[in-house]
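Just below is one structure, and these are the notes that go with it.
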Ligand SMILES: [Zn+2]
C-alpha cells in the first residue's frame, strides 16, 4: 500500500467521525481544486468557465453538463491530451485488453446506459485510490466483528455475479481481480449470462461467504435458495446496479439469513454511496456532491422527490464530472438517519429492476434479469440503443436504433440471433422475438427503460 493510499484511508476514516462542518470544508476545498485543474487543463471547461470567479467553492456557480453534451467533445473534455476518443476506442475494441489499464494508468469502462448516449469513462490512479479507501470505509460500516468472524469461518470467499467479456465496470474489475494471485482463489466470477441451474450448481460448490450479484439476480438466487435448490450460507449479500422493491431486500435477507446491503453508483462516480441497515443510501459527500434539482435545475429541498440530480465527482481529475446531469430522481432524508451515520442519506426513485417473466412449456415460469439482456445487446457492434418490450407472455418486440453508418438489417440479424441464444439457454426457445419499426421511447424523466415487461 502506498503512502498516499494510507493517507487517503486515514482521511476518509477521520472525515466520517468528524462534524458535518469538517465534511463541508473538505468538499469546498476539493471542489476548488478540481475546478482549478479542469479549467487549466480541459479546453472544454476553460471555455465554459470563462468569466467565473477565480476560486469556486460553491457548485451552484457552475454551468450544468451532461453525457450528451460532453461525449461529442471528449478530446476537449479530458485533461490529459493523450486521452483521445480515438485512442480509447481502439483500446476498448480490443477484447484482449479487458481489465488492462489504458496507457498503463487509467481504467476504462463503457456504457450505452439508459440515456441513449454511449459513454466512455476513465478513472485515474487517484480516483481508484479514493474508490478503494471508500470501499474500505463502506465495509467497515457494514460489518461487525462478528460478521468478519463469520466471513473468515467461511473461508472468506466472495462470489461475484458479473458481466463478462466487455469493458463494463464489473468485467474490468473482475479481470483485474483475476490477475491478482493472492485473491484469485478467494474470488469466484459467475457470468450473468449463465443459465440459472448452472449458476446454482456452481455457487453450491464454491460456497461463498459474500455474495455480490446484480440486484435482480440476487432476487432470482433468493428464490432458488428458498426452493432448496441453492444452499449457500453467505454472511453478506451486496447488491449492485438496479434497485428492488423494499420487500425484496427483506426476502433476500431472510432467504440467506444474511445482511443485505447495496451501493448506488454510476460509471461517472463508482464510489457514490452505500446503503445502511435502514435502507437509506449514504452519499460519500467528502468525495462527491449530489444536488437534487427540479426540471429547471433549481434546488429541491430534503424530503421532496427531485426531477433529476447533478453529480460532481471530486476525485477524478482526468475526466472531470462537474455538475453533471445524472438523470436520476432522488429524495434526501430530511432528518438525521436513525442508523447514526452522519453522511447525507438519499433514496433513489425509479431504478427498480423490471424482471421479465415467461411461462415455460411444463407450466412453470422462468425469469430473466434485464441486465442479462442489456449486457448481451450492449456489446454488439452497431447497436446504439434498444428496448425490449414484452407484448404478450411469449412475445418480445425489439425497438432498435443502430449507430450511424451501421447496416440496420445486419445489426438486427445479430441482435435477433443473440436474444434467441439467450432465450434458448434458459429453455425459452418458444418465445417469439420480432422487430418493430418504432424507435426506443423515453420516460418523462428522459431515460430509456431497457425492458418493458408485460
Ligand atoms: Zn442510515
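In our numbering, the protein residues as written are 1112 to 1565. All residues carry an ideal CB built from backbone N, CA and C; glycine is no exception.
| Query | Result |
| --- | --- |
| Contiguous alpha helix (DSSP H) assignments of at least 4 residues, all confined to the stretch 1421-1490 | 1481-1489 |
| Cβ-Cβ separation, residue 1219 to residue 1178 (assumed contact under 8 Å), whole Å | That pair is no contact at about 15 Å. |
| beta-carbon residue 1452 near ligand 1 non-hydrogen atom, thresh 7 Å | yes |
| Other residues of its chain near residue 1315: CB distance less than 8 Å, five sequence neighbours each side excluded | 1341, 1342 and 1343 |
| Alpha-carbon to alpha-carbon, residue 1326 and residue 1458 | 16 Å |
| Proximity below 8 Å, CB of residue 1396 to CB of residue 1455 | yes |
| Endpoints, beta strand (DSSP E) assigned at residue 1219 | 1218-1222 |
| Euclidean distance between Cα positions of residue 1482 and residue 1222 | 12 Å |
| Collapsed DSSP secondary structure at residue 1312 in the structure displayed | helix |
| Local Cβ density within 10 Å of residue 1419, reported as buried at 16 or more and exposed below that | buried |
| DSSP beta-bridge partners of residue 1506 | 1503 and 1543 |
| Three-state secondary structure assigned by DSSP to residue 1120 | helix |
| C-beta contact flag for residue 1564 and residue 1498 at 8 Å | no |
| Contact the stretch 1194-1206 vs the stretch 1238-1258: 3+ CB pairs below 8 Å | no |
| Residue 1253 Cβ short of 7 Å to ligand 1 heavy atom set | no |
| Where residue 1331 falls: helix, strand or coil (DSSP) | helix |
| 7 Å Cβ shell around residue 1362 - same chain, five flanking residues per side excluded | 1333 |
| Check: residue 1389 C-beta below 7 Å from any heavy atom of ligand 1 | yes |
| Counted within 10 angstroms of its Cβ, other Cβ atoms place residue 1562 as buried (16 or more) or exposed | buried |
| According to DSSP, residues forming a beta bridge with residue 1208 | Note: residue 1208 sits in no beta bridge, so no partner. |
| Cβ-heavy atom distance, residue 1127 to ligand 1, below 7 Å | no |
| Under the three-state DSSP convention, the category residue 1356 falls into | coil |
| Residue 1456 Cβ short of 7 Å to ligand 1 heavy atom set | yes |
| Presumed contact (8 Å Cβ cut-off) between residue 1301 and residue 1270, rounded CB distance | 6 Å |
| When 1546, 1385, 1519 and 1518 are compared against residue 1531, the one with the closest alpha-carbon | 1546 |
| Reduced DSSP secondary structure (H/G/I, E/B, other) of residue 1173 | coil |
| Whole-angstrom distance between residue 1491 and residue 1525, CA atom to CA atom | 8 Å |
| Residue 1406 burial status per 10 Å Cβ neighbour count (16 or more: buried) | exposed |
| Whether residue 1330 touches residue 1359 by CB criterion (8 Å) | yes |
| Beta-carbon proximity of residue 1408 to residue 1167, cut-off 8 Å | no |
| For residue 1419, three-class secondary structure by DSSP | strand |
| Cβ-Cβ distance between residue 1265 and residue 1135 below 8 Å | no |
| Per DSSP, cross-strand counterpart(s) of residue 1241 | Looking at the DSSP assignment, residue 1241 forms no beta bridge with any residue, so it has no partner. |
| Residue span of the beta strand (DSSP E) that contains residue 1370, given as start and end | 1370-1377 |
| Residue 1380 beta carbon near ligand 1 (any heavy atom closer than 7 Å) | no |
| Candidates 1216, 1494 and 1272: closest to residue 1480 by CA position | 1272 |
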